[in-house]
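Numbering (UniProt numbering), first residue to last: 1 to 281.
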């Protein structure tokens with residue numbers, strides 16, 4: 001559970017011949033086991049309490065419960081879920097951002113809102129402010145919850161057909177030949193119409209690309225999400241009013257020079273060395 005909190009690792013509880021409520025409430029065999037552990041670790045009760053808390057947290061997760069089902073089907077379901085989750089492209093992105101954690105949480109909540117609409121979120125701000133890093137972070141954290149996922153980097157520097165090929169490769173795990181943009185649209189529609197998909201389009205700068213993204217709302221599977229990053233908010237008109245907008249701003253002096261600038265380093269009394277301010281900036 002600590003790894004889930006600190007690195008976004010997946011925890012998949014499997015309840016095999018055990019009721020999730022017994023795990024949550026620590027009754028039945030779990031109650032007896034904890035009596036033994038409290039005797040064994042009577043000098044380390046904090047450690048035992050940590051195990052209790054972890055089990056309660058696990059029981060609250062959406063896991064897999066055999067119940068009265070068939071074991072063979074249950075095992076097959078576990079294999080399918082694990083295989084799907086292993087097929088994740090993980091980007092190198094920090095788990096904690098300097099002054100950005102609240103924004104990441106907002107976007108995570110939007111991605112997990114359970115809506116059946118095809119929704120689009122816009123991350124905008126000046127170059128180098130952290131839009132791509134934030135998009136990578138939320139993609140890492142949420143992509144496994146979707147049936148299809150694609151992160152298209154450097155959107156503005158690639159032609160349309162190249163991007164369409166990349167998208168189809170990410171979704172289908174195979175190369176698809178595309179003759180022209182119209183052919184690409186038809187093949188993407190066929191691939192995505194029945195898959196709840198997460199798509200990130202990084203560094204969009206052309207209005208034509210925006211129009212294409214708006215068109216995607218009409219034929220993507222219900223519950224799909226698109227995240228767009230751009231430097232140019234002016235590309236997006238009043239017609240795009242349904243888009244969720246997140247402005248990624250420069251950090252103020254307090255955040256940029258605060259303790260989160262030096263993660264993992266402890267300064268006595270929370271006093272920081274007198275680094276020249278111009279160096280920190």
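Cβ coordinates follow ideal geometry from the N, Cα and C atoms, glycine included.
Quick caveat, the model's predicted, so the values are computed rather than measured.
Among the options, which one has its Cα closest to the Cα of residue i?
i           : options            : result
residue 229 : 73, 11, 243, 200   : 200
residue 249 : 178, 217, 126, 213 : 126
residue 144 : 45, 53, 9          : 9
residue 247 : 107, 78, 42, 217   : 107
residue 104 : 141, 74, 68        : 141
residue 11  : 81, 234, 114       : 81
residue 219 : 117, 128, 209      : 117
residue 62  : 20, 115, 36        : 20
residue 17  : 69, 128, 212, 216  : 69
Assuming contact is defined by CB atoms lying nearer than 8 Å, are residue i and residue j in contact in what I supplied?
i           : j           : result
residue 64  : residue 15  : yes
residue 214 : residue 121 : no
residue 221 : residue 192 : yes
residue 59  : residue 23  : yes
residue 148 : residue 178 : no
residue 3   : residue 26  : no
residue 135 : residue 202 : yes
residue 38  : residue 48  : yes
residue 168 : residue 176 : yes
residue 79  : residue 111 : no
residue 205 : residue 232 : yes
List the whole-angstrom C-beta distance separating residue i from residue j, where the pair is believed to meet the contact cut-off of C-beta under 8 Å.
i           : j           : result
residue 146 : residue 198 : 4 Å
residue 67  : residue 100 : Incorrect: roughly 41 Å between the Cβ atoms, too far for contact.
residue 207 : residue 235 : 6 Å
residue 91  : residue 151 : 7 Å
Please list the terminal residues of the continuous alpha helix (DSSP H) segment that includes residue i.
i           : result
residue 145 : Where residue 145 is concerned, there is no enclosing alpha helix (DSSP H), given that its DSSP letter is neither H nor E.
residue 161 : 160-172
residue 228 : Element bounds for residue 228: not the alpha helix (DSSP H) but the beta strand (DSSP E), 225-230.
residue 187 : 181-192
residue 48  : 45-60
residue 178 : From DSSP, residue 178 is part of no alpha helix (DSSP H); its letter is neither H nor E.
residue 213 : 207-216
residue 24  : 20-25
residue 40  : 29-40
residue 106 : 101-111
Hey, quick one: how far does the beta strand (DSSP E) through residue i stretch, first residue to last?
i           : result
residue 200 : 197-201
residue 244 : 244-247
residue 16  : Counting along the chain, residue 16 falls outside any beta strand (DSSP E), and DSSP gives it neither H nor E.
residue 124 : 119-124
Does the beta carbon of residue i come closer than 8 Å to any beta carbon on chain D?
i          : result
residue 83 : In summary, chain D is missing from the structure at hand, where a single protein chain is found.
For this session: Taking 8 Å as the threshold, find out whether the region 158-168 comes into contact with the region 181-190 through three or more Cβ pairs.
Result: Result yes; three or more Cβ-Cβ pairs closer than 8 Å.
Exercise. If you pair each beta-carbon of the region 107-122 with each one of the region 218-233, do three or more pairs fall below 8 Å?
Worked result: Touching, yes.
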